[in-house]
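Using my numbering, the letters of the sequence shown map in sequence onto residues 2 to 67.
Heads up, the beta-carbon is just placed ideally off N, CA and C, and yes, glycines get one too.
From a predicted model like this one, the values you see are computed outputs, not experimental measurements.
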Amino acid sequence: MASKSNPFTFLQQVRSETAKVVWPSRRETMISTLMVFVMVVAAALFFFAADQLMGWGLSFVLSLGN
């Protein structure tokens, strides 16, 4: 079982670990954000096109029965 520590020790450990983190640069953050935005737009366009095609196809199939 893990030993218990007081909140002050915990906060010191958190601060120590946070100092070890390698934070991304502003440029890396901007590039990553742009890539996420591009992929979201691409996915939205793909699903819109797929929905439209399926809708038109279903309408065509249902119109054959009339």
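Rounded separation between residue i and residue j - CA only
i	j	result
phenylalanine 47	glycine 58	16 Å
valine 39	asparagine 67	43 Å
alanine 45	serine 64	28 Å
arginine 16	valine 22	10 Å
serine 6	serine 33	38 Å
threonine 10	alanine 50	55 Å
glutamine 14	arginine 28	29 Å
leucine 54	valine 62	12 Å
alanine 43	valine 37	10 Å
Same chain, Cβ closer than 7 Å to residue i, neighbours up to 5 away in sequence not counted
i	result
threonine 30	none
Cβ shell of residue i (< 8 Å), same chain only, five flanking positions each side left out
i	result
leucine 12	none
Residue i classed as buried or exposed, judged by whether at least 16 other C-beta atoms fall within 10 angstroms
i	result
methionine 2	With a pLDDT of only 47 at methionine 2, under 50, the local geometry of the prediction cannot be trusted, and the value read off the model is given with reservation. Methionine 2 comes out exposed.
Residues near residue i in its chain [Cβ-Cβ closer than 6 Å; skip 5 each side]
i	result
proline 8	none
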